Amino acid sequence: MKSRLLLLAGLLAGTEACHPRQATQEATVSPIPVLTRAAALTPVSSDISISGNVEGSKTVRLGFLVAGKVNYIAAAEGQPVAAGKVLASLDPASYQFGVDAASASAAQVEDEYNRLKLMHDRNSLSDADFSKISNGLKQAQAQAGLQRKNLSDTKLYSPISGVLLKKMTEVGEIVGSGMPLFVVSDIRKVKVNAAIPESELRRVRLGQDARVYIAALDETVSGKVTEVGSAADATTRSFSVKIDVPNPKLLIRPGMIAEVTLPSSQKKEILGLPAEAVLRDADNTAYVFVADPARKQAFKRKVSIGRLTDSVLEIVSGIQPGEQVVTGGQQKLHDGSPVTISSDTTH
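In this text, residue positions in the sequence shown follow full-length UniProt numbering: the first is 1, and each later residue adds one.
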């Protein structure tokens with residue numbers, strides 16, 4: 001029994017001895033070195049940035065004027081198409097029979113017309129009877145002409161040079177007259193169709209230069225504003241803007257997304273920070289660390305961000321001018337971390 005009491009006393013003494021050491025260790029967490037800079041108003045260019053989509057400079061939807069069975073298609077989607085060349089055709093057999101029948105009928109009526117004309121010239125046929133055969137000949141000739149046109153319409157020609165964007169039929173398919181089957185677009189020059197907010201409309205003018213970034217190609221090209229809408233969209237209160245972009249290599253295709261920048265000589269001031277100073281939570285919430293020089297600690301602060309201009313990120317809310325924002329070493333911090341502060345001189 002005595003030995004057990006001695007053992008318990010020893011354990012208690014050991015526990016009491018451990019607590020002061022643990023408290024001392026927790027109180028001596030090493031401060032994290034960080035770089036900070038004072039949040040300040042920064043002048044940036046007031047360029048207009050808008051998003052849009054690419055369209056061909058001219059786009060046509062084509063179909064046959066007559067019904068029939070498709071027997072030929074000249075190009076696949078994405079391939080070039082030349083103006084005046086046959087794009088597709090229908091089986092012409094039934095229309096050829098129609099031409100043959102109508103031509104034979106017209107020839108028969110014409111023979112009768114010639115015979116009766118001689119009689120009319122000799123006053124052996126009344127004007128009324130001759131008028132009937134004259135009209136009959138015109139009708140037969142018109143019918144033959146219609147059949148020839150129908151035969152001709154079994155071939156579909158492209159009215160413009162461009163690229164076959166869509167092909168909605170295949171060889172062997174029966175199609176009706178007037179059905180849109182092909183979409184051809186001239187993309188030697190393309191248009192970027194975008195929408196600009198009502199508040200920015202006064203800063204857009206015809207002929208204005210534009211920079212157009214095509215994400216699919218990772219390329220920036222030059223363009224010019226060629227159209228500015230005269231009426232606002234009833235829902236978004238925005239105006240349509242079209243920018244012409246040369247496309248000599250035919251790499252820019254309709255449907256691609258474009259980011260348009262309209263440069264401006266005007267400047268405006270924003271509360272800006274280096275983009276690397278802003279971090280994001282798992283839910284994509286933006287935040288920064290603000291250093292307190294008096295307490296030598298850094299505290300997490302949620303912020304609302306605006307646009308990025310020349311690596312300067314606009315801070316819409318959450319930070320006041322003059323506050324010391326951590327711009328280096330922030331990845332090691334948590335809310336309330338002790339820090340040693342150095343001034344960021346790289347910005």
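Every residue, glycine too, gets a C-beta built ideally from N, C-alpha and C.
Just so we're clear, the structure is a prediction, and the values are computed from it rather than from any experiment.
Residue i, buried or exposed, once every other Cβ within 10 Å from all chains shown has been counted against 16
i	result
LEU6	Confidence is the limiting factor: at LEU6 the pLDDT is only 44, short of 50, which leaves the residue's position unreliable, though a coordinate-based value still follows. So LEU6 ends up on the exposed side.
PRO43	exposed
LYS166	exposed
ALA23	Here the model assigns ALA23 a pLDDT of 44, short of 50, so the residue's position is not dependable, and the following value carries that caveat. It counts as exposed.
PRO321	exposed
LEU146	exposed
LEU333	buried
ILE174	exposed
ALA27	Because the pLDDT of ALA27 is 48, which lies under 50, any placement of that residue in the model is unreliable, and the question is left without a value.
residue 358	Examination of residue 358 is not possible in this model, given that the chain is present from 1 through 347 alone.
GLN25	The predicted position of GLN25 is uncertain, since its pLDDT is 44 and thus under 50; no value can be drawn from it.
ALA234	exposed
LEU262	buried
PRO246	exposed
GLY52	buried
residue 371	As shown, the chain starts at 1 and ends at 347. That puts residue 371 outside it, with no answer to give.
ILE315	buried
VAL325	buried
ARG21	Summary for ARG21: the model assigns pLDDT 49, below 50, so the residue's position carries little reliability, and this model does not support an answer.
GLY255	exposed
SER337	buried
GLY172	exposed
Range covered by the beta strand (DSSP E) that runs through residue i
i	result
ARG61	48 to 62
GLY98	Counting along the chain, GLY98 falls outside any beta strand (DSSP E), though it belongs to the alpha helix (DSSP H) covering 93 to 121.
GLN297	297 to 302
SER185	182 to 197
GLU259	257 to 262
ARG211	209 to 214
LYS167	162 to 167
LYS69	68 to 73
ASP292	286 to 292
GLY328	324 to 328
PRO254	Where PRO254 is concerned, there is no enclosing beta strand (DSSP E), given that its DSSP letter is neither H nor E.
THR36	32 to 38
Supposed close pair residue i, residue j - CB separation, criterion 8 Å
i	j	result
GLY136	VAL99	About 19 Å; that fails the 8 Å criterion.
VAL290	ARG301	5 Å
ILE187	LEU250	6 Å
VAL183	SER158	11 Å between Cβ atoms; not a contact.
THR340	PRO31	5 Å
ALA142	SER105	The Cβ separation is near 11 Å, so there is no contact.
SER177	LEU90	Incorrect: roughly 10 Å between the Cβ atoms, too far for contact.
ARG61	PRO180	4 Å
ASP244	LYS189	6 Å
residue 367	VAL241	Given that the chain is displayed from residue 1 to residue 347, the structure contains no residue 367 and the question cannot be resolved.
Strand pairing of residue i, partner residues [DSSP]
i	result
PRO274	VAL312
VAL228	VAL241
LYS155	SER89
SER337	ALA298
SER222	ARG211
VAL204	None, per the DSSP bridge assignment.
SER124	None, per the DSSP bridge assignment.
LEU217	DSSP, once it has assigned bridges, lists no residue as partnering LEU217.
SER342	LEU35
PRO80	VAL163
LEU250	Answer is none; LEU250 lacks a bridge partner.
LEU65	DSSP output for LEU65 lists no bridge partner at all.
ILE305	ILE315
VAL175	GLY68
Opening and closing residue of the alpha helix (DSSP H) in which residue i lies
i	result
SER131	127 to 152
Beta carbon proximity, residue i to chain D, threshold 7 Å
i	result
VAL241	Included in the structure is just one protein chain, with no chain D present.
Pair every Cβ in the segment 260 to 273 with every Cβ in the segment 30 to 41, then say whether three or more of these pairs are closer than 8 Å. yes
The segment 301 to 316 contacting the segment 82 to 95, beta-carbon criterion three pairs below 8 Å: no
For the structure I just gave you, are there three or more beta carbon pairs, one from the segment 114 to 130 and one from the segment 91 to 98, closer than 8 Å? no
Does the segment 193 to 207 come into contact with the segment 229 to 239, if we say contact requires no fewer than three beta-carbon pairs (one atom in each stretch) closer than 8 Å? Cβ pair count under 8 Å is three or more, so yes.
Measuring CB atoms only, is the segment 67 to 78 touching the segment 209 to 217, in the sense that at least three cross pairs come out at less than 8 Å? Judged by pairs of C-beta atoms under 8 Å, the segment 67 to 78 does not touch the segment 209 to 217, as fewer than three such pairs exist.
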